[in-house]
Each structure stands twice: as C-alpha cells, then as structure tokens.
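Chains as they are written, first to last, in our numbering: chain A, 279 to 524; chain B, 279 to 524. The next block holds one structure in the form of structure tokens; read it before the comments.
Here it is, written out as structure tokens:
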C-alpha cells in the first residue's frame, strides 16, 4: 500500500468533514433554522458549556505530551483563547455570557448538575483520546476546526434572525471564534500533512478526525433524544421552564 | 453533618436503583415486552457486546489499584467469570453466542465497526471512572449488580416468550449470571458499607452508583435514538437488514 500525498490526505480529511461534521445533524438544522424553543436552546448552551470548559483541559493534556518547545508554544495560544488573560476574559467566559443571556443561573451551569450524561461521556472521551493516543492523532482530532467557520456563520445569522432571546452581545463567543479557528486549523492541518507520511499514520489521522466528529455528533444525539423527540429526559437532567411546550 | 449508619447507606443505594436503574428505561420496556424488531434486538446485542467485552478491562483496572491480596483475589473471580478458563468459556463467549444466534457476523461484532459512539463513550467512561476515582468509588460503581437479578429474570422470560429468533441456548449468558451477580454484589455492598463511614465518602459512594446508572441509561438512550425513534443513525453505525421495518 502506498501512502497518499499530503494534498490527497487533506482531501480525505475534508471529505470526512463534508460527510460527518455535526453541521449536518438534525438538531443543528432546528437550532440554526429558528425552530428551537428557548428551553431547547438553553439545553444546548448548558450542555455545550461543558465542552467549552474542557477544551483547555484537553489542550493542556496535549501540551503535556509535546517534547518540543515550539509546538508547546504554538498550542499554548489555545489556552489563552479559552481561559483569557484575566477573570471574565476568554472563550469560556464568553460562553457563560451566552448562558447568562439565555436566563440560566451561572452557578447551576458551572455546577454541571443538569448536564446530560451523554454530553459528559462524549466530552470526556475527547479528553481521554488526546491523553491516550499518539500526539499526531491528538493533533488530528482538533481538525474539526477546519469546518467550524462555516457552521459559526450559519449559526450567528440563523440565531440572530430567529430568536428574540439572543443578541449579538450574548453571541459574542461566535463572532470571536472564526479567525482563531482558522489560525489553529491551518497550523494543525500543516502539522498533520507534514507528519503523517505512511499508510498507517494516515489511516490513524483519518480515524482521529472521524472520532472527533462522532464526539460532536453524539452530543447532539443526546440533546435531540432528551429535548426534541421523544423527549426522554435522563434522570437528573436540566428541565427547562417551558418544558411542557418544548 | 452526621454519617449514616451502614444500613441507612444501603437503603439509599437501593433507592438509587429503584429510581435510576436502566430496567426503567423505555428501551428495556420494549425489549422485554416483545415489542422490538429483530433488527432492534441485534442492535442492542451488538452494542452491549462492547460493554461485556470491557468489563474485564474495568475489573483488571480495579485490581491494579488494590494493595491487598485478599481484595485482589476476591475481585479476580470476576475476570474468571467473564474471560473463562479457556477459549469459548466465560461471559464474553456466552454473549457472542447471543450475537451469533441473532444472525450477526462474529467478526463484525468483535470489530466494533458498527458500534454507536454513544455506547463507546459510555463504556469507556466507566473504565476511566474506575481508573481515576478512589478504590471505594470504583467498587461502589459495580453495585448496579444489586439490581441485575431482577432485570435478568424479566429479560429471560420476556424474550423467550416473545421472540422466535432467540432460544434458551442463545440466552445462556443470562441464565448463568444471577448467582454470580449475587455473590459479587454481596461482597461489594459489604465492602462499601464497611469502608464508607464519613459523610464525604458516603456521598461519593452514592454518586458513584448514580454515575454507573447513568452509564447504563445513556447506552439505552443511544439505542433508542438510533433504532426506535426518531431513528437517526449516526454515521457508520450498524444498519439492520430489516431497517426499513425497524
């Protein structure tokens, strides 16, 4: 078996995104199309908070495995993006502006008390993946960022148009993300193309991106099952105030 | 805050089972009530295979954390139960008799290629829980076995009565389990009652059992979402032959 060229590998990675990125999930179709109730948007933001909160833990786990100062320095930017330079700054703080704006109690959100187990397990699978697989696979698993600028544009436009309970201010997380995602995914893609040169490592890299698509997809499966249809709330999960009309 | 007595702790543990054990899940109601299609029973057995296959990995992870020979020896019985004394013996092999009997290709089942990501993430969350929490919590998380003899009786009776594609032979896994589950849960319950003597450790033990109930529950949520309603198959998941009628 011959290895692919770097550009063939990139094409295969992009093909995974075209087929498996969570932009295609029915929950996102509802969310971006303005068909969610406020309670459903709350449930999405509350659950997605845990993903946001664990991203720097994932990134620090990755940095902890790097032997090169240059790579650690590059990846460190992601910690800065998410944790900010001071209290109230950074991606996690901006996500909490969204949950605040949606009327969720901040202590409740941060406590994770209402989290779906499906969210918890998917997010933690991502952290464990990064800790337990090769550094190359860990880096490749970040490549869903390649596809995020598009979903963020759709989300911003769709949500601002459709929901009177969100504003440009509460959606600040999304307006800040695209240039950072672009910078990060440019770096990770170049790294993967440079380092995955054998059939085995190329296969592993493709599997890593599929895995990460599965993580994002499973989070939305969990939301759909609990809050859209058939609305089977797992024991202990967040109950929206408008639950009867959810 | 005063600690509970051991019997009060046991009562609280049993109360968690009464409220959160997966016997109450809508998927089990369908499965045991004879309302599943063959494809749905296949999907359940295929996904549950991964849980069975990882139980000895979980148990070995627990043994690896024990400093006492007596506890390791006691827990080692579980490895014997699941892995058997020779090829074709033990719980995992009996589970594969079930998937064989349901007409699933054994190589396909064992490859995990058709597994729902929700199953993978839930099962792996269990293994990681046992590795990363205290030994007491790890042992407490096994206590869903307290409630399993009842569900197994219901399952055996319900499935044998309702499905012509299963037999007492293919369901041999279940007829073998109850005495083992009883022995194991007697030991784990006595251990937990003896060692959880402070409010903090008692709280941790109760949370560990809730976590484990969440694992089993989330596996059925994933099955329900993919194979019952709204039947959103995640990319790559097992497609039953009778999918159009599932």
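By construction, the Cβ of each residue, glycine as well, lies at the ideal position given by its N, Cα and C atoms.
### Message
Do residue 330/B and residue 373/B have their beta-carbon atoms positioned less than 8 Å apart in this structure?
### Response
Yes, they are a contact pair.
### Message
Please confirm whether residue 451/A has its beta-carbon closer than 8 Å to some beta-carbon of chain B.
### Response
Residue 451/A does not count as touching chain B.
### Query
Nearest to residue 322/B by alpha carbon, out of 356/B, 503/B, 350/B?
Restricting attention to 356/B, 503/B, 350/B, the CA atom closest to the CA of residue 322/B is found in 503/B.
#### Entry: Whether residue 245/A touches residue 380/A by CB criterion (8 Å)
Missing from the structure shown is residue 245/A; chain A here goes from 279 to 524 and no further.
### Task
Keeping to the same chain, check which residues put their C-beta closer than 7 Å to that of residue 339/B; ignore five residues upstream and five downstream.
Around residue 339/B: 405, 408, 409.
### Query
When you compare each of 471/A, 481/A, 510/A, 427/A to residue 300/A by their alpha carbons, which one comes out closest?
Nearest option by C-alpha distance: 427/A.
### Message
Short of 6 Å in beta carbon distance, which residues of its chain neighbour residue 425/A, apart from the five on each side in sequence? Order them along the chain.
### Response
Around residue 425/A: 295, 299.
### Query
How would you list, in chain order, the residues of chain B whose beta-carbon sits under 9 Å from the beta-carbon of residue 496/A?
Those within 9 Å of residue 496/A in chain B are 394, 395, 396, 398, 399, 500, 512.
### Query
Apart from the five residues just before and just after residue 371/A, which ones in its own chain have a Cβ nearer than 8 Å to its Cβ?
Excluding residues within five positions, the ones whose Cβ falls inside 8 Å are 362, 365.
### Query
Going along chain A, which residues have a C-beta under 8 Å from residue 457/B?
Ordered by position in chain A, no residue passes the 8 Å Cβ test against residue 457/B, which lies about 29 Å from the chain.
### Query
Is there at least one Cβ from chain B nearer than 8 Å to residue 359/A's Cβ?
So no, residue 359/A is outside the interface.
### Task
Take residue 520/A and list the residues in its own chain whose beta-carbon comes closer than 7 Å to its own, dropping the five residues that flank it on each side.
Contacts found: 315, 316, 317.
#### Entry: Where residue 415/B meets chain A, residues with beta-carbon distance less than 7 Å
Taking a Cβ-Cβ threshold of 7 Å, none of the residues of chain A is close to residue 415/B; the smallest such distance is about 15 Å.
### Query
Is it right to say residue 397/B is buried, meaning 16 or more other beta carbons lie within 10 angstroms of its own, or is it exposed?
Its Cβ being crowded by 16 or more others within 10 Å, residue 397/B is buried.
### Task
Compare the C-beta of residue 301/B with all C-beta atoms of chain A and state if any pair is closer than 8 Å.
No, its Cβ sits nowhere closer than 8 Å to a Cβ of chain A.
### Task
Return the chain-ordered list of same chain residues with a C-beta closer than 7 Å to the C-beta of residue 303/A, the five sequence neighbours on each side being excluded.
So the list reads 495, 498, once near-sequence residues are dropped.
### Message
Between which residues of its own chain and residue 482/B is the CB-CB distance below 6 Å, once the five residues before and five after are set aside?
### Response
415.
### Task
Would you please verify whether the beta carbon of residue 518/A is less than 8 Å from any beta carbon of chain B?
Interface flag for residue 518/A against chain B is unset, since no Cβ pair is found closer than 8 Å.
### Query
CB residue 325/A to CB residue 394/A, shorter than 8 Å?
Between residue 325/A and residue 394/A, the gap from beta carbon to beta carbon is short of 8 Å.
### Query
Along chain B, which residues have their Cβ under 7 Å away from the Cβ of residue 433/A?
Listed along the chain, the chain B residues whose CB falls inside 7 Å of the CB of residue 433/A amount to none; the nearest CB is some 20 Å away.
### Coarse secondary structure for residue 475/B, derived from DSSP in three states
In this structure, residue 475/B counts as coil in the three-state DSSP scheme.
### Test item: CB-CB of residue 401/A and residue 451/A under 8 Å
No; because the gap between Cβ atoms is not below 8 Å, this pair is not in contact.
### Message
Between which residues of its own chain and residue 468/A is the CB-CB distance below 6 Å, once the five residues before and five after are set aside?
### Response
Same-chain partners within the cutoff: there are none.
### Query
Can you give, in chain order, each stretch of the alpha helix (DSSP H) that sits fully within the region 296-321 of chain A and has at least 4 residues?
Listed in chain order, the complete alpha helix (DSSP H) runs (minimum 4 residues) inside the region 296-321 of chain A are 304-310.
### Task
Return the Cβ separation of residue 418/A and residue 487/A in integer angstroms, given the expectation that the two are a contact with Cβ distance under 8 Å.
Contact flag correct, Cβ pair sits at about 6 Å.
### Query
Curious, which full-length alpha helix (DSSP H) runs of at least 4 residues does the region 358-388 of chain A contain?
Fully enclosed alpha helix (DSSP H) runs of 4 or longer: 369-379.
### Task
Put residue 441/B into one of helix, strand or coil per three-state DSSP.
Looking at residue 441/B - three-state DSSP - the assignment turns out to be coil, as it is neither helix nor strand.
#### Entry: Same chain, Cβ closer than 7 Å to residue 515/A, five either side skipped, listed in chain order
Within the same chain, residue 515/A has close Cβ partners 392, 394, 504.
### Per-residue burial, residue 420/A [other beta carbons within 10 Å of its own, 16 or more giving buried]
Looking at its Cβ environment, which holds 16 or more other Cβ atoms inside 10 Å, residue 420/A is buried.
### Task
Give me the Cα-Cα distance between residue 479/B and residue 489/B, rounded to the nearest whole angstrom.
Here the C-alpha atom of residue 479/B lies approximately 15 Å from the C-alpha atom of residue 489/B.
### Message
Between residue 359/B and residue 458/B, how many whole angstroms is the CB-CB distance? I'm expecting something under 8 Å.
### Response
About 5 Å; that satisfies the 8 Å criterion.
### Task
Measure the CB-CB distance between residue 356/A and residue 337/A and report whether it falls below 8 Å.
Residue 337/A is positioned such that its CB atom lies closer than 8 Å to that of residue 356/A.
### Message
What residue range does the alpha helix (DSSP H) around residue 508/B cover?
### Response
It is not in any alpha helix (DSSP H) - residue 508/B carries neither H nor E in the DSSP assignment.
### Message
Is the separation between the beta-carbon of residue 403/B and that of residue 517/B shorter than 8 Å?
### Response
The answer is no: Cβ separation not under 8 Å.
### Query
If you draw a straight line from the C-alpha of residue 290/A to the C-alpha of residue 297/A, how long is it?
Residue 290/A and residue 297/A have their C-alpha atoms roughly 11 Å apart.
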